[in-house]
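Structure, as structure tokens:
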Amino acid sequence: EAGVTQSPTHLIKTRGQQATLRCSPISGHTSVYWYQQALGLGLQFLLWYDEGEERNRGNFPPRFSGRQFPNYSSELNVNALELEDSALYLCASSIGQGPHTSGNTIYFGEGSWLTVV
Amino acid sequence: AQSVTQLDSQVPVFEEAPVELRCNYSSSVSVYLFWYVQYPNQGLQLLLKYLSGSTLVKGINGFEAEFNKSQTSFHLRKPSVHISDTAEYFCAVTTWGSGGSNYKLTFGKGTLLTVNP
Numbered sequence: 767e768a769g770v771t772q773s774p775t776h777l778i779k780t781r782g783q784q785a786t787l788r789c790s791p792i793s794g795h796t797s798v799y800w801y802q803q804a805l806g807l808g809l810q811f812l813l814w815y816d817e818g819e820e821r822n823r824g825n826f827p828p829r830f831s832g833r834q835f836p837n838y839s840s841e842l843n844v845n846a847l848e849l850e851d852s853a854l855y856l857c858a859s860s861i862g863q864g865p866h867t868s869g870n871t872i873y874f875g876e877g878s879w880l881t882v883v
Numbered sequence: 080a081q082s083v084t085q086l087d088s089q090v091p092v093f094e095e096a097p098v099e100l101r102c103n104y105s106s107s108v109s110v111y112l113f114w115y116v117q118y119p120n121q122g123l124q125l126l127l128k129y130l131s132g133s134t135l136v137k138g139i140n141g142f143e144a145e146f147n148k149s150q151t152s153f154h155l156r157k158p159s160v161h162i163s164d165t166a167e168y169f170c171a172v173t174t175w176g177s178g179g180s181n182y183k184l185t186f187g188k189g190t191l192l193t194v195n196p
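Protein chains in written order, with the numbering used here: chain A, 767 to 883; chain B, 80 to 196.
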């Protein structure tokens, strides 16, 4: 069974441009989560989508946005890129809403490295 | 608000030695606790989780963790480490908000475990 897949693996953008990252959840998972892992800052929660709707977002500016498609895949868009946006962006998925039962473990992809120059 | 503190940013040990990675959390409500491992250039993999029941939780690769409610801790242990255990380890906590809409999995900043021969 395929795990969470993310693309692209690496992306280099210029400051001010837009970046789009993509994520395909594990088959049967309806929830998708996005995290930013910047050097020295650990993992910061970005966004949670479930059944096509944004359920919660972390403390990030509005230029971080995304969406979830009917097939439960997701996109993360970062507009007006800044140098500080350089990070590993991790996508994760789970069945249903959150890891509160034994069946709802969150599974992570291998991430997309975004470098802003 | 919930938070996670991993007390050691780096833990160097020799092969076959025991190791303990410390994690403390703060939350005003009941929590679910997790340990994830991130090998170099890879995404996060779930090691173990505490949802309820026995406070001693056993995970993959010989790791275990003990939930201590009075000390608000969830320390990770392994009696004998291998070179292959070299990785970054993240403690995480989640709680439910009203109606589940405020779900957020909060991570600590990570502990880099380096196992030396």
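Where is the CB? At the ideal position from N, CA and C, for every residue including glycine.
Just the chain B side, please: which residues come within less than 8 Å of residue i by C-beta, in chain order?
| i | result |
| --- | --- |
| F874(A) | Y115, G122, L123, Q124 |
| L856(A) | G122, L123 |
Which residues of chain A have a Cβ atom closer than 8 Å to the Cβ of residue i, listed in chain order?
| i | result |
| --- | --- |
| K148(B) | Those do not exist, as K148(B) stays about 17 Å from chain A at its closest Cβ, beyond 8 Å. |
Check the Cβ of residue i against every Cβ in chain A and list those closer than 7 Å, keeping chain order.
| i | result |
| --- | --- |
| G189(B) | G808 |
Output, in chain order, the set of chain A residues within a Cβ distance shorter than 9 Å of residue i.
| i | result |
| --- | --- |
| F169(B) | G808, L809 |
For residue i, which residues in chain B fall below 7 Å Cβ to Cβ?
| i | result |
| --- | --- |
| G877(A) | G122 |
| L849(A) | Chain B residues near L849(A): none, gap ~21 Å exceeds 7 Å. |
Can you tell me which of the three DSSP states residue i falls into?
| i | result |
| --- | --- |
| G141(B) | helix |
| I162(B) | helix |
| G869(A) | The pLDDT assigned to G869(A) is 41, lower than 50, so where the model puts this residue is not dependable; a value taken from the coordinates is nonetheless given after this. G869(A): coil per DSSP, three-state reduction. |
| E841(A) | strand |
| D816(A) | strand |
| L86(B) | coil |
| L130(B) | coil |
| S177(B) | Low per-residue confidence applies at S177(B): pLDDT is 47, beneath 50, and the placement is therefore not dependable, though the value from the model is reported in the following sentence. Helix, per DSSP. |
| E850(A) | helix |
| C102(B) | coil |
| R833(A) | strand |
| E95(B) | coil |
| Q772(A) | strand |
| I778(A) | strand |
| Y118(B) | coil |
| L125(B) | strand |
| V108(B) | coil |
| A80(B) | coil |
| K157(B) | strand |
Are residue i and residue j touching if we call contact CB-CB under 8 Å?
| i | j | result |
| --- | --- | --- |
| F874(A) | L123(B) | yes |
| K157(B) | P97(B) | yes |
| V160(B) | E94(B) | yes |
| G794(A) | L847(A) | no |
| T173(B) | V110(B) | yes |
| Y815(A) | S840(A) | yes |
| L184(B) | F811(A) | yes |
| D87(B) | T190(B) | yes |
| A144(B) | Y168(B) | no |
| L813(A) | S852(A) | no |
| S859(A) | S797(A) | yes |
| L135(B) | W114(B) | no |
| Y838(A) | P791(A) | yes |
Residues within the region 821-853 of chain A neighbouring chain B, beta-carbon criterion of under 9 Å: Residues R821, N822, G824.
Should the region 799-809 of chain A be regarded as contacting the region 102-114 of chain B, the criterion being three or more beta carbon pairs within less than 8 Å? Contact between the region 799-809 of chain A and the region 102-114 of chain B is not established, with fewer than three Cβ pairs separated by less than 8 Å.
So does the region 770-782 of chain A actually touch the region 145-156 of chain B, counting three or more Cβ pairs closer than 8 Å? The region 770-782 of chain A vs the region 145-156 of chain B: no contact.
Does the pairing of the region 827-840 of chain A with the region 132-139 of chain B give three or more beta-carbon distances under 8 Å? Output reads no: the region 132-139 of chain B does not touch the region 827-840 of chain A.
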